[in-house]
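Student:
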Amino acid sequence: MSQIHTQTLLHRLSPRLVYIGLALAICLPPLVSAYNENLHQRDGIHVPCSFFDTVNVTNDPHFPNGSYLHDGTMIPSQLIGTYDYIYTDLMRRVEVESHVRACICKLKPCINICCPWGASYSTNESACVNNTDYAWPQPLLNVTMPDETLKAVNIFTEFAVQSFRPCEFMFSLQPELGSFDDWKLFENGTLLRVFDMVYLAKSEFCFHPTVANDTTDTMYIINPANCNYDSDYSTIKTINAYAMLFSIPFMILTIVVYLSIPELRNQHGKSLVCYLIGLIIGYSLLAMSSLQLDAYSSLSFCKSLGYVAYYFFMAAFFWLSVISFDLWHNFRGTRGINRFQEKKRFLVYSLYAWGIPVPFLIFTWYAQEIAAIPDYWKPGIGGGEYCWLDMRTWSAMVYFFGPIVLIIMANSIMFVLTAMKIHKVQREMARIMAREDSTKNLRTEKDKFGLFLRLFMVMGVTWSMEIFSYFVGADRGWAKIFYISDICNAIQGFLIFMLFVMKKKVKHLITNRYSSTRDSCNQRQSQYSTK
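If you're matching positions, the sequence shown starts at 1 in full-length UniProt numbering and goes up one per residue.
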């Protein structure tokens with residue numbers, strides 16, 4: 001008996017255990033990653049401050065009262081501590097012999113140089129080495145004052161200078177190469193990266209020597225290098241790319257089903273097929289760009305890929321607006337339309353959905369190729385690291401997400417109006433005896449509305465989350481929350497397949513279609529065998 005109860009209990013618990021396991025698999029990695037990212041902020045109770053606010057003063061002059069003198073700054077004993085570790089970058093903690101460090105950043109603003117002055121980082125040796133390839137300038141940097149004026153200051157007198165390389169992989173901001181790399185340094189040691197308006201703490205960047213032209217320059221230019229968080233970004237882009245490729249076969253299957261079954265080749269079915277065609281081409285090209293399968297192609301090919309992907313994504317959204325409008329238009333009255341009217345309406349829809357994206361494409365092309373505007377307002381198609389739009393700047397809001405937001409808002413209004421119309425018609429039919437054909441037509445249109453409402457919810461919610469993800473993209477903590485929504489957006493072809501093909505009515509139509517085709521083939525074979 002106890003064994004039976006145990007088996008029953010396990011049978012009841014097993015689905016819950018599966019759900020718990022899935023939840024842990026989804027939630028634990030971001031939590032562990034977030035814990036690891038913030039680990040460097042917790043140094044324990046035996047040290048007076050975070051390691052990243054200190055400098056090594058072991059060999060500096062010290063006094064009987066426990067204070068130390070470092071580069072002209074007297075540091076009191078309460079800001080002195082003994083550390084038995086160092087950080088080689090923001091994440092890697094290494095145990096070393098105990099040494100004395102001072103919390104100098106508590107007394108004056110700190111600034112990071114990647115290597116001691118006169119040295120630069122060698123990627124071959126993974127260490128700082130003395131560098132005399134070019135002349136070194138005076139240690140002067142332009143600091144943006146509270147009134148937005150610039151003041152040239154000596155970093156060794158105005159700041160406490162630390163020597164620390166935050167990350168293994170970093171990229172330089174070199175405004176002499178283009179306004180896209182503009183930056184501002186403030187009195188408190190904070191850096192503003194202008195192109196995405198992100199403020200970087202002192203532990204997230206360091207200054208190092210750069211050259212704009214290695215054949216004509218004779219002196220280094222001191223510029224900031226910041227952590228290349230694009231490595232995580234690239235990983236997510238790669239995952240999304242494979243999710244898109246996974247999604248494409250399901251969209252193709254959906255198109256095949258809707259084109260092969262006469263009952264589904266109606267106005268809404270053809271609009272859905274056009275929507276999926278736009279997504280298939282857009283997803284294919286965006287996945288190719290994300291996986292950098294075009295890395296060895298010409299720049300012209302790269303730009304063509306980006307512009308074509310942009311056009312078909314915009315067309316897909318306009319087809320989604322066609323679906324919303326057509327549902328709303330049909331519910332203005334319950335009378336059907338003849339085949340000629342349906343063909344004429346579909347032609348108008350096609351001219352609208354395939355034609356309106358063309359002006360958007362021309363505007364985007366002009367802004368990228370001709371317009372004399374700052375780099376951070378250019379779309380970025382084929383002009384940077386990728387062939388697609390540059391999602392790191394606000395320009396993506398102007399050229400892509402802005403129009404999408406307007407389309408989603410318009411679709412929402414039309415779906416609400418359609419729902420109100422359905423409710424009104426149902427109340428009228430509840431009071432009077434409706435004709436059978438009108439009732440049947442209303443039921444059919446209501447089924448279509450319910451189906452495409454679910455489509456709008458899937459598409460609208462996933463793309464809305466994509467827009468939110470874009471807005472918080474500069475915040476790495478928030479960005480991780482939207483990783484799952486990005487994946488859901490990438491696999492929406494699979495979601496559409498489950499929504500439009502795996503429903504009971506469509507599976508029944510597929511079965512009937514297959515049965516009639518098989519019977520027709522058998523009949524032909526029978527006729528052939530009797531001859």
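Positions of the beta carbon are idealized from the N, C-alpha and C atoms, including for glycine.
State the beta-bridge partners of K151 as determined by DSSP.
Tutor: V143.
Student: Alpha carbon to alpha carbon, how far is E158 from E176? Give it in angstroms, no decimals.
Tutor: Cα-Cα distance, rounded: 25 Å.
Student: In its own chain, which residues sit with a C-beta less than 7 Å from the C-beta of T144, not counting the 5 before and 5 after it?
Tutor: L150, K184, L185, F186, listed in sequence order.
Student: Below 9 Å between beta carbons: does that hold for Q267 and T210?
Tutor: It is not a contact, given that the beta carbons lie outside the stated cut-off.
Student: Is it the case that the Cβ atoms of C103 and G189 are separated by a distance below 9 Å?
Tutor: Their beta carbons are not under 9 Å apart, which means C103 does not touch G189 by this criterion.
Student: For the beta strand (DSSP E) that T69 lies in, which residues bound it at each end?
Tutor: Note on identity: in this sequence residue 69 is Leu, with Thr being the wrong assignment. Where L69 is concerned, the enclosing beta strand (DSSP E) stretches over 68-70.
Student: In the DSSP assignment, what residue or residues form a beta bridge with W183?
Tutor: Looking at the DSSP assignment, W183 forms a beta bridge with R193.
Student: Using a Cβ-Cβ cutoff of less than 7 Å, which residues in the same chain neighbour H70 once the five nearest sequence positions on both sides are dropped?
Tutor: Excluding residues within five positions, the ones whose Cβ falls inside 7 Å are V55, V57, D60, A102, I104.
Student: Where does A225 fall in DSSP's three states?
Tutor: In this structure, A225 counts as strand in the three-state DSSP scheme.
Student: Less than 9 Å separating the beta-carbons of L495 and E263?
Tutor: Their beta carbons are not under 9 Å apart, which means L495 does not touch E263 by this criterion.
Student: Along the chain, where does the alpha helix (DSSP H) containing G81 start, and where does it finish?
Tutor: Counting along the chain, G81 falls outside any alpha helix (DSSP H), though it belongs to the beta strand (DSSP E) covering 80-87.
Student: What does residue 596 pair with, by DSSP beta-bridge criteria?
Tutor: Residue 596 lies beyond the range of the chain shown here (1 to 531); nothing can be said about it.
Student: Once DSSP output is grouped into helix, strand and coil, what is the label at M409?
Tutor: Helix.
Student: What do you reckon, are the CB atoms on P139 and N124 nearer than 9 Å?
Tutor: Not in contact: P139 and N124 (Cβ atoms no closer than 9 Å).
Student: How is I45 classed by DSSP in three states: helix, strand or coil?
Tutor: Confidence at I45 is low in this model, with a pLDDT of 48, below 50, so the placement of that residue should be treated as unreliable; the coordinate-derived value is given next. Of the three classes helix, strand and coil, the one that applies to I45 here is coil, per DSSP.
Student: Using three-state DSSP, classify S298 as helix, strand or coil.
Tutor: Coil at S298, not helix or strand.
Student: Please determine if the segment 165-174 and the segment 246-261 are in contact, where contact requires at least 3 C-beta pairs separated by less than 8 Å.
Tutor: Cβ pair count under 8 Å is below three, so no.
Student: Spell out whether any CB of chain B is found under 9 Å from the CB atom of A353.
Tutor: The chain inventory of the structure shown lacks chain B, comprising one protein chain alone.
Student: What does the alpha-carbon distance come out to for the pair I408 and R265?
Tutor: For I408 and R265, the distance between alpha carbons rounds to 25 Å.
Student: Any contact between the segment 300-317 and the segment 278-287? By contact I mean 3 or more CB pairs, one from each, below 8 Å.
Tutor: Result yes; three or more Cβ-Cβ pairs closer than 8 Å.
Student: Within 10 angstroms of the Cβ of K421, are there 16 or more other Cβ atoms? Answer buried if so, exposed if not.
Tutor: When all chains shown are included, K421 counts as buried.
Student: Say the cut is 8 Å; is the CB of D486 nearer than that to a heavy atom of the ligand GTP?
Tutor: The ligand GTP is not among the ligands present in this structure, which contains no ligands whatsoever.
Student: Going by DSSP, what residue range makes up the alpha helix (DSSP H) through I362?
Tutor: Looking at the DSSP string, the run of the alpha helix (DSSP H) that includes I362 is 357-369.
Student: What does the Cβ neighbour count give for S179, buried or exposed, with the cut at 16 atoms within 10 Å?
Tutor: Exposed, because fewer than 16 other Cβ atoms sit within 10 Å of the Cβ of S179.
Student: Under three-state DSSP, which class holds Y121?
Tutor: Strand, per DSSP.
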